[in-house]
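To start, the structure itself, in structure tokens.
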Amino acid sequence: MSFQHPSFGHIADNRIIIFDTTLRDGEQSPGFSMNLGEKLRMAHALAALGVDVIEAGFPAASEGDFESVKQIADNVDGPVICGLARSAPKDIEAAGKAIKGARRGRIHNFISTSPLHMKYKLRMEPERVLELIAFGNKESRRYTDDVEWSAEDGSRTEPDFLCRCVETAIANGATTINIPDTVGFATPDEMERIFTMLKERVPGADQVIFSTHNHNDLGLAVGNTLAAVEGGARQIECTINGIGERAGNAALEEVVMALRTRHDRYGMETGIETPRLLGMSRLLATITGFDVQPNKAIVGRNAFAHESGIHQDGILKHAGTYEIMTPESVGWTSTSLVLGKHSGRAAFRDKLKALGYEDLTEETIHAAFQRFKTLADHKKIVFDDDVRALVDDESRDHER
Ligand code: KIV
Ligand code: ZN
């Protein structure tokens with residue numbers, strides 16, 4: 109890509125822009141709203157994490173949202189600060205005013221382009237939608253050179269019309285073109301094809317960044333995001349812990365680690381400080397009061413925990429047998445070998461060593477392991493104190 113982006117200048121072909129929308133789309137999850145102080149705390153942490161763009165809110169939605177975007181724009185250094193707007197003068201004016209204090213500010217204007225949305229939601233003819241796309245982008249450029257345009261419900265838009273919409277947005281000043289899978293309906297191959305088509309067919313496509321924004325209604329948000337990258341998208345819109353409308357958005361920690369772990373396939377780089385991912389996830393959970401599920405990739409408490417004896421034995425011999433990234437690379441201090449009924453002798457011995465039992469006889473270890481197996485049949489997890497108690501009991505019995 110040879111053009112100069114208004115906020116980023118020259119962007120290397122293999123650089124993915126991470127656009128975090130935790131504070132806008134993420135906050136649209138029922139029960140996840142955040143106050144000004146909480147949003148500022150999140151925004152500072154997102155800047156330290158290394159995201160390239162923070163979508164800080166929808167300034168026309170409420171006075172509170174306007175103030176949050178303004179405060180973040182005025183106080184958070186590093187990322188581009190973005191405000192969302194419909195293709196309406198009041199929305200664009202509010203977004204323009206809210207981002208004014210940012211060193212680099214973006215207006216993200218959007219309108220629906222699918223037949224269903226145009227007919228029932230907007231009640232507009234396609235030609236009117238095209239006029240509003242031209243207006244929204246031209247008007248946004250009065251406030252900033254960094255303008256993003258989104259085709260809401262883009263993945264369900266008729267391809268020829270989508271090409272006309274994108275061409276109109278580019279001709280009127282958009283510098284980033286986002287094609288959302290608003291209702292999480294697309295499949296990965298469809299997503300890839302949309303971007304390939306736009307890049308091939310739309311005049312001016314080589315002068316903008318294409319962006320992907322995927323909802324998780326069918327659990328495909330991360331897969332669709334990666335497929336879009338293969339089709340040429342170079343900006344990924346995502347949220348911490350995958351929060352967002354309904355089933356959520358693509359999870360930032362998952363797309364970033366997929367790109368990093370499968371660098372062999374995608375060859376892409378992000379600016380994310382991955383060891384901060386766990387802390388970021390926990391900060392959001394603390395602020396919103398919603399924990400992630402234990403089996404959540406990357407940041408769930410079981411993401412690097414192994415219970416079965418075969419897996420624990422493998423991990424103790426070579427971590428690569430059952431781990432595709434190191435726990436430290438995403439912020440955990442270590443792998444966790446959880447003792448339960450599936451655990452074997454190798455993990456049990458390892459635990460004894462970790463608890464300081466270095467000089468036990470083979471006989472004691474054997475007997476303690478039998479006791480442990482009996483206990484584990486009745487208890488979901490055997491904790492360190494349980495192990496201490498059963499080894500101490502066994503040693504005492506031996507002395508008698
Ligand atoms: O899902 C969506 O279509 C959106 C747009 C406003 C970008 O969130
Ligand atoms: Zn969305």
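Just add 108 to the spot in the sequence shown (first one is 1) and you have the working numbering. Positions of the beta carbon are idealized from the N, C-alpha and C atoms, including for glycine. Computed from a prediction, not measured in an experiment: that's the story for all the values here.
Q. Taking only runs of the beta strand (DSSP E) that begin and end inside the region 132 to 208, which ones reach a length of at least 3 residues, in chain order?
A. 161 to 165, 188 to 194
Q. CA-CA distance, F269 and W257?
A. 15 Å
Q) Any idea if A462 is buried or exposed, counting beta-carbon neighbours within 10 angstroms, 16 or more meaning buried? A) exposed
Q. Which ranges would you report for the beta strand (DSSP E) in the region 232 to 309 if only whole runs of at least 3 residues count?
A. 254 to 260, 284 to 289
Q.
Are there any heavy atoms of the ligand KIV lying less than 6 Å away from the beta-carbon of P114, as far as the coordinates show?
A. no
Q.
On the criterion of 16 or more Cβ atoms from any shown chain inside 10 Å, does D505 qualify as buried, or is it exposed?
A. exposed
Q) Thinking C-beta only, is S115 closer than 7 Å to D254? A) yes
Q. A313 to I302, Cα distance in whole Å?
A. 13 Å
**Q.** At least 3 beta-carbon pairs within less than 8 Å: the region 236 to 244 vs the region 283 to 296
**A.** no
**Q.** G186 versus K481: straight-line alpha-carbon distance, rounded
**A.** 53 Å
Q: Answer with buried or exposed for D420, where buried requires no fewer than 16 other C-beta atoms within 10 angstroms of its C-beta.
A: A small correction: the amino acid at residue 420 is Gln; Asp does not occupy that position in the sequence shown. Buried, because 16 or more other Cβ atoms sit within 10 Å of the Cβ of Q420.
Q: Can you have a look at T394 and say buried or exposed, based on whether 16 or more other CB atoms are within 10 angstroms of its CB?
A: exposed
**Q.** Alpha-carbon to alpha-carbon, V177 and E163
**A.** 8 Å
Q: Please go through the same chain and pick out, in chain order, the residues whose beta-carbon is closer than 8 Å to the beta-carbon of Q136, but skip the five residues on each side of it.
A: G352, E353
Q. Buried or exposed: where does S451 fall if 16 or more other Cβ atoms within 10 Å of its Cβ makes it buried?
A. buried
Q: Quick one: measure Cβ to Cβ for I406 and G448, integer angstroms, because I've assumed they're closer than 8 Å.
A: With 8 Å as the limit, I406 and G448 do not qualify as a contact, their Cβ atoms being about 22 Å apart.
Q. Does the beta-carbon of G262 have 16 or more other beta-carbons within 10 angstroms, so that it is buried, or is it exposed?
A. buried
Q. Would you say T283 and V316 are within 7 Å of each other, going by their C-beta atoms?
A. yes
Q.
Does the beta-carbon of T128, which I'm using as the reference point, lie nearer than 6 Å to any heavy atom of the ligand ZN?
A. Reading off the sequence, residue 128 comes out as Asp, not Thr. Incorrect: D128 has no Cβ contact closer than 6 Å to the ligand ZN.
(Q) For the alpha helix (DSSP H) containing S389, name the first residue and the last one. (A) 385 to 396
Q. From V499 to N332, what distance separates their C-alpha atoms?
A. 51 Å
Q) For D133, is the beta carbon positioned less than 6 Å from some heavy atom of the ligand KIV? A) yes
Q. Is it true that the region 136 to 151 meets the region 335 to 354, where meeting means three or more beta-carbon pairs spaced less than 8 Å apart?
A. yes
Q. Going by other Cβ atoms of all chains shown within 10 Å of its Cβ, with 16 needed for buried, is T276 buried or exposed?
A. buried
Q | N- and C-terminal bounds of the alpha helix (DSSP H) containing H474 | A | 470 to 484
Q: For H118, collect the residues of the same chain with a Cβ closer than 7 Å to its Cβ; drop the 5 residues on either side in sequence, then sort them by chain order.
A: Q112
Q.
the ligand KIV and S258: does any heavy atom of the ligand fall closer than 6 Å to the residue's C-beta?
A. yes
Q: Go ahead and pull the three-state DSSP assignment for G331.
A: helix
(Q) On the criterion of 16 or more Cβ atoms from any shown chain inside 10 Å, does Y251 qualify as buried, or is it exposed? (A) buried
Q: From the DSSP output, read off the bridge partner residues of N126.
A: Sequence inspection shows Ile at residue 126; the Asn mentioned does not correspond to that position. In the DSSP output, where bridge partners are listed per residue, I126 has I344.
(Q) Would you call the region 466 to 477 in contact with the region 433 to 440, where contact means no fewer than 3 C-beta pairs closer than 8 Å? (A) no
Q. For D128, is the classification buried or exposed, using 16 other Cβ atoms within 10 angstroms of its Cβ as the cut-off for buried?
A. buried
Q.
Can you find the residues in the same chain that come closer than 8 Å, C-beta to C-beta, to G417, ignoring five residues on each side of it along the sequence?
A. H450, S451, G452, R453, A454, A455
Q.
For a test of your reading of the model: does the CB of F318 fall under 6 Å from any non-hydrogen atom of the ligand KIV? Yes or no.
A. no
Q. Of the choices D458, D494, G350, whose alpha-carbon is the least far from that of L328?
A. G350
Q.
For a test of your reading of the model: does the CB of T290 fall under 6 Å from any non-hydrogen atom of the ligand KIV? Yes or no.
A. yes
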